[in-house]
Structure formats: structure tokens, C-alpha cells
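Heads up: the sequence lines are chains A and B, in that order.
Read in order, the letters of the first sequence correspond to residues 1 to 151 in the numbering used here.
Read in order, the letters of the second sequence correspond to residues 1001 to 1477 in the numbering used here.
The C-beta atom is built at its ideal place from N, Cα and C for all residues, glycine as well.
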Amino acid sequence: MNIPTDRSACPAALPASGDAYFEHDADVGIVGRGATLEEAFEAAARATFAIMTDIKAVRDESSVSLEFEEADAELALVRWLNLLLAMSHEEGLVFGRFWIERDGVRWRGGASGEAWRRELERGVEVKGATLTMLKVRQTDEGWEARCVVDV
Amino acid sequence: MDISRLKQLDDWSWTVPLAPGEARSDVKLYGNRELLETMDNKVLEQITNVARLPGLVGPAMTMPDAHWGYGFPIGGVAAFDPDQGGIISAGGVGFDISCGIRCLRSNLELSGITGALPSLARELSEKIPAGVGEEGDLKLGTAELDKVLAGGARWAVERGYGESADLEFIEERGRMAGPVPDNVSALAKKRQRGEMGTLGSGNHYLEVQVVDRIHDAAAARAYGLSEGQIIVSIHCGSRGLGHQIGTDYLVSLAKAASRLGIALPDRELACAPINTPEGRQYIGAMNAAMNCALANRQILAHLTRAAFARIIRGASLDTLFDVSHNTCKAERHQVEGQERLLYVHRKGATRAFGPGHPDVPERYRETGQPVIIGGSMGTGSYILAGSAESEQRAFASASHGAGRAMSRHQALKQWRGRQLVDELAEKGILIRTRSMRGVAEEAPGAYKDVDLVAEATERAGLARRVAFLRPKVCIKG
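Okay, structure coming up:
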């Protein structure tokens, strides 16, 4: 299994085959996998933002931090992705790098990136993460976090 | 979709036999065998889940362009009675609240402007903010944005965007009643700060089209349409504000449903009874988002007029109609001989009031409400007219688009954006975009046959075809 645990492992475009996406008619199913739950969440964030641009080309110029409380790990995934999308719009930034930590029901994380510039590839805007096909689970290889994002 | 489980009611409608207790009401799917067979099995699963929700009146329905969505299928229609515990569902409206199409009718003929199309395409692509990461020139603070949410397209006209004559031809006369800007989160308002007057991306577009074929001459006359005429269609919605409202309420309504004892067959059907504080709170926010979408399309119509005026002397563009297709609206409908107030969810479905309905603009009242089926960039779109039959068949609802036939992922494997742009240019269709990936995902071949969807819409008695529009210029986000 290809476990995307760093930026270089993340696809610039939806891959013909791979672990970052699954099929959905109108929208896009994203999958994040990692050795830990937190790594899976970070990979899910990379998969989400890679729909919008080639995140390998995103420079580390600004960062944001966030925190929230959520006991339900699946709802936490949706909350994490939606907060990142909202902050991206709010700050006019596109993100390429993500980190998150969990302490009980408290989640602390962040992202870094830059303001949109002309040279960055434009993919399709992600409107939000949905509860559809939402699943966070431990597998033999580690953790997997998936849901459908609305584009 | 495996149609072996379905029972055919007539040539253009089907149902699925459900076990006792499996649902509160029936399921009805509009379309012929070919259309249904191309749909994912999830469409049937999702609409059956909708039929389990409290307070449903009549069947839970899918339109001929239905496809797999989240919560409700896209193309799903369901009406709920607030006095019978009926619910409002954020998943039944969608993230892009009041996404819709503004259709502008020009005084131009294709034959007179063919040479100007490349210049027009360039001007539109430069002046219409489109695509991920693009902001508009208009920056609004919270106080002014609250006025947008309260006033809709009327706010835009008051600020000099477009003409007051436009308002007559926008659903709700340009302003959705019952908005509560205070129910919209600060984050949602922040997201919208730079997004008024922007097109967005994905399946959103601005197209310059030509009336290619008239199906109903009398209705076309009423709508002011003639063969060879230039039309503009603008497809977009409530942008970041609507997306954030969807985000905020999806989770809060899912938790409310659990607290209120509503068993959700799918968490994405997050809902609350209409007559509860939670339900009313979402409705107030949703109505505010509808006004945001109406204002957004009004600004884009204004920018489009300005672009035309710079390139083509004497060009004028009147609003033919503005329809939304991600909504839940309180409407009066006849049910078994009784008039009842129902909350009709239309997720990827267009309202289609028939002739004589008081909410249809006077100019079109004898004809019925214009219904717009937006097709792909390589095929075309239809203008239809709402029919009296649609009231009985589907609470006055009809299809909204061609409907996807394959996923974005599959489309990316099959097409390249640059190649598509070149092929379409050879067919006389100019595509202007900053996202070749987006073009590939929106390839004409990734959509259902729009001709068949329009025919099914007519034959199912949902709306009747008036005119077919062929694309000439497409600005994609």
C-alpha cells in the first residue's frame, strides 16, 4: 500500500490509480492513509487540496493554526477539512502542508501555503467535506480517513 | 442502476416496491430505461432513504437527470408538511445553496457577430472572475454583506448592478423572503468578502449560446426567442457563503436529528423538523444564502452586459429568467384536492410552475415558467416551459442539467483539457479557462445525453421543450 506521509508522495492531479481518491459520480471521494490517525488526517487534507492545485508547487510562505473539540473521530475529519477550506478562503491562501495533533477530544492543527499566484495550476474548487461515505478506521497497515468532498 | 428491482409505471416513470415499514412514502423515478440504466445504484438507495424521512408528502422523486449525490441524490425532489413533523434537510439543499442559471436574451443574431466572438470570449474571460482562488473587485464588509443577504438581487440593482427590469424575471422577484443574516456564521460572511460577482469552478460556467432549434413556437415568442438569436447563460450559486452555511448546518443538524430522536438512514440527511428552533434557524440562514446567490448572478449579469457593450456596439441583454436549482421553498400545492403548505426540497432540480401560476411573471403567465436545462460545453442546453401537469406529477419540478454519466476521476483518465479545447474550437466552440484539468473533468462525454434528458422531461410531463441552445463561447472556472 502506498501511504502518503509526506508532500512528495501526494499526487499533483487525480491519479489514474492510487490511494488518494475513490469514485463518486458528481463529486470526489478522498482518502488519507497513515501510520497514525493524525497522519491519515494530514494525508486527507493533502488529497483535498490537491484537487485544487499541484500542492508540490505551493510555497511555504504563510501559516495558520486552528483548534477544535470533537469526540467523534469521523465528525472530526469533516471538521478538520472544512476548517482548512474555510481558512483558505478567509486568508486568500492555498495550502500545501498540513499538521494535526489529538489530545482526547481536543484537536490542534495548522497548515502552511501561500496566496494564489498566476503560476499555480488551477484545478477545481472544493466547496466542502461531506458526511457521505465518511469513514475513519484502523486497518492492518495503520489508519484510513475518507469522505466525499463537494466540488 | 440495476432496474430489475423497479416497477415501470408508464413509459417515463418507475417506482420500486418497498417492504411494509421500509419507507413512509413511495419512490418515483422519472426517465426511460436508458437513462435509469446509466444511473448509479446509489441514486435508488439515496432516494429510498429520503422516503424514510418524517412528514414526507407524496413520493420522494428523482428527475431524469438524477445522479449520485450526498444525502439526497442530485435531481432529488421531496415535499414535507411542517404540521406533520415534516423536516428541513441541509443535505436536501446542498452546499451550493441556490445554485442556478441566469439566462439573458440579446438583440443580436449569430450571423452578425461571428467575427466578434474571439474578442468577446477574451473580454468575458478577462472581466468575469472565474476559477478556484479568483476573487472579484467588489469587497464587502459584514454590514454591507448583511444587506446583500437581506436584499438579494434587489440590493445589487440598488447598488447599480443591472436594471430594475431584471427583478421581474428572477424567481421571488429577486429577493427571497425570510432571510436571517444573524443565522449565518461570521466565518461564512468572511468567506464571501471577496467572492461577490465570481463564477466559481467545477460545473459553473458562462456561455454565449445561439438559439439553434425552436420546439414550441408560441412559447418561444412569449419568451422572446427566435432561431439564430444570441443568448447568454450564467451558471453559479452562493459561493463561499453558501458552502460555509452548508458546512455549518450539516454537522449541527446531524447532531440535532440525533437529539430530536430522528433516525437518519444516512447521516448526510442531517435534518430537523421545520417547526423547531433548529429547523427555523437553518431556514433563515438558507434564505439568506439564496439572496446571496441572486445578488451574485445579478452582478455577473451586469459584468456580462458591460463586456458585450465594449465589444459589440448596440448590444443589449435582457433577463429572460433566473432559476435556482438547489433550494427548499415553502409553497402551496394541491394534494388530494386540498391546498397545503409544503416545504419542497429541490436538490439539482428546477421549479417548473405551469401556466396561470401567480408566481410566474405576467409576460410568461399564459406559457408557464421558463425552465433551463444546462448541458455540457460541447453539446447544448434547453429552455423549457413549466406545465400544469408537473404540479400533479412532481410538485412543479423538472430537470436542471444533463447530469453526470461518469465521475471526474474517470473523465480525467479519458480526456485531456488542451485536446478538448482544440477539438471544440474546430467545432466553432471557444473555451476560455485557466483550468485544463477542470475542462477534462467537465468533458462533454462525461455527461448524459442532454437531448434525451430534455425529451424525458417533456414526456414525463414535467416541462415542455421550447428551444435548444448551442454553445459558441464558454468561460469555465
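First and last residue of the uninterrupted alpha helix (DSSP H) at residue i
i                        : result
histidine 1235 (chain B) : Run containing histidine 1235 (chain B): none in the alpha helix (DSSP H); it sits in the beta strand (DSSP E), 1229 to 1236.
proline 1355 (chain B)   : Neither: proline 1355 (chain B) is in no alpha helix (DSSP H) and is coded neither H nor E.
serine 63 (chain A)      : Element bounds for serine 63 (chain A): not the alpha helix (DSSP H) but the beta strand (DSSP E), 62 to 69.
histidine 1243 (chain B) : 1239 to 1259
threonine 48 (chain A)   : 37 to 49
glutamine 1192 (chain B) : 1186 to 1192
alanine 1388 (chain B)   : 1388 to 1394
arginine 1363 (chain B)  : Per DSSP, arginine 1363 (chain B) belongs to no alpha helix (DSSP H) and is neither H nor E.
alanine 1222 (chain B)   : 1217 to 1223
serine 1164 (chain B)    : 1164 to 1167
proline 1181 (chain B)   : Counting along the chain, proline 1181 (chain B) falls outside any alpha helix (DSSP H), and DSSP gives it neither H nor E.
proline 1118 (chain B)   : 1117 to 1127
arginine 118 (chain A)   : Here arginine 118 (chain A) belongs to no alpha helix (DSSP H), and DSSP marks it neither H nor E.
threonine 53 (chain A)   : That residue, threonine 53 (chain A), is in no alpha helix (DSSP H); it is neither H nor E in DSSP.
leucine 1452 (chain B)   : 1450 to 1459
Cβ separation of residue i and residue j, assumed to be a contact under 8 angstroms, to the nearest whole Å
i                            : j                            : result
lysine 1347 (chain B)        : phenylalanine 1072 (chain B) : 4 angstroms
tryptophan 116 (chain A)     : valine 94 (chain A)          : 6 angstroms
valine 126 (chain A)         : methionine 52 (chain A)      : 6 angstroms
glutamate 101 (chain A)      : arginine 33 (chain A)        : Incorrect: roughly 18 angstroms between the Cβ atoms, too far for contact.
serine 1324 (chain B)        : methionine 1290 (chain B)    : 7 angstroms
leucine 1036 (chain B)       : leucine 1029 (chain B)       : 6 angstroms
arginine 1052 (chain B)      : arginine 1033 (chain B)      : Not confirmed; about 26 angstroms, so no contact.
phenylalanine 1353 (chain B) : glutamine 1369 (chain B)     : 4 angstroms
leucine 1294 (chain B)       : glycine 1152 (chain B)       : 4 angstroms
arginine 1193 (chain B)      : leucine 1140 (chain B)       : 6 angstroms
methionine 1196 (chain B)    : valine 1148 (chain B)        : 7 angstroms
serine 1089 (chain B)        : threonine 1327 (chain B)     : Contact doesn't hold; Cβ gap of about 12 angstroms is too wide.
proline 1316 (chain B)       : asparagine 1107 (chain B)    : Checking the sequence shown, residue 1316 (chain B) turns out to be serine, not proline. Going by Cβ atoms, the distance from serine 1316 (chain B) to asparagine 1107 (chain B) rounds to 5 angstroms, so yes, they are a contact pair.
valine 1344 (chain B)        : glutamate 1331 (chain B)     : 5 angstroms
Sub-8 angstroms separation of residue i and residue j beta-carbons
i                            : j                         : result
valine 1450 (chain B)        : threonine 1379 (chain B)  : yes
glycine 1242 (chain B)       : cysteine 1292 (chain B)   : yes
arginine 1310 (chain B)      : glutamate 1123 (chain B)  : yes
valine 1211 (chain B)        : alanine 1467 (chain B)    : yes
phenylalanine 98 (chain A)   : alanine 111 (chain A)     : yes
serine 1013 (chain B)        : alanine 1349 (chain B)    : no
tryptophan 1068 (chain B)    : histidine 24 (chain A)    : yes
glutamate 114 (chain A)      : valine 58 (chain A)       : yes
glycine 1284 (chain B)       : asparagine 1183 (chain B) : yes
arginine 108 (chain A)       : valine 1132 (chain B)     : no
lysine 1413 (chain B)        : leucine 1303 (chain B)    : no
phenylalanine 1080 (chain B) : glycine 1055 (chain B)    : yes
tyrosine 1447 (chain B)      : alanine 1402 (chain B)    : yes
valine 1027 (chain B)        : threonine 1015 (chain B)  : yes
arginine 1365 (chain B)      : glycine 1356 (chain B)    : yes
glycine 1076 (chain B)       : valine 1093 (chain B)     : no
isoleucine 1087 (chain B)    : isoleucine 1372 (chain B) : no
arginine 1470 (chain B)      : leucine 1384 (chain B)    : no
glycine 128 (chain A)        : asparagine 82 (chain A)   : yes
Strand pairing of residue i, partner residues [DSSP]
i                          : result
leucine 1317 (chain B)     : B:Ser1106
isoleucine 1383 (chain B)  : B:Ile1372, B:Ala1467
lysine 1476 (chain B)      : B:Tyr1205, B:Thr1433
aspartate 150 (chain A)    : A:Gly128
histidine 1333 (chain B)   : B:Arg1340
alanine 1079 (chain B)     : B:Val1057, B:Val1344
glycine 1151 (chain B)     : Looking at the DSSP assignment, glycine 1151 (chain B) forms no beta bridge with any residue, so it has no partner.
tryptophan 143 (chain A)   : A:Gly34, A:Gln138
phenylalanine 22 (chain A) : A:Gly29
valine 1323 (chain B)      : B:Ile1101
valine 1210 (chain B)      : B:Ile1230, B:Arg1470
isoleucine 1170 (chain B)  : B:Asp1322
First and last residue of the uninterrupted beta strand (DSSP E) at residue i
i                        : result
leucine 93 (chain A)     : 93 to 103
lysine 1347 (chain B)    : 1338 to 1347
aspartate 1422 (chain B) : Careful: aspartate 1422 (chain B) lies outside any beta strand (DSSP E), inside the alpha helix (DSSP H) at 1417 to 1426.
lysine 1139 (chain B)    : Neither: lysine 1139 (chain B) is in no beta strand (DSSP E) and is coded neither H nor E.
tryptophan 107 (chain A) : 106 to 115
histidine 1400 (chain B) : Segment: none, histidine 1400 (chain B) is in no beta strand (DSSP E) and carries neither H nor E.
cysteine 1292 (chain B)  : No beta strand (DSSP E) contains cysteine 1292 (chain B), which is instead part of the alpha helix (DSSP H) from 1277 to 1311.
lysine 135 (chain A)     : 135 to 138
serine 1089 (chain B)    : 1087 to 1089
alanine 1411 (chain B)   : First-last for alanine 1411 (chain B): 1408 to 1414, but that is the alpha helix (DSSP H), not the beta strand (DSSP E).
alanine 1272 (chain B)   : 1271 to 1273
Open item on the list: Give the list of continuous alpha helix (DSSP H) stretches no shorter than 4 residues that lie fully inside the region 1004 to 1077 of chain B.
Closed with: 1033 to 1038, 1041 to 1050
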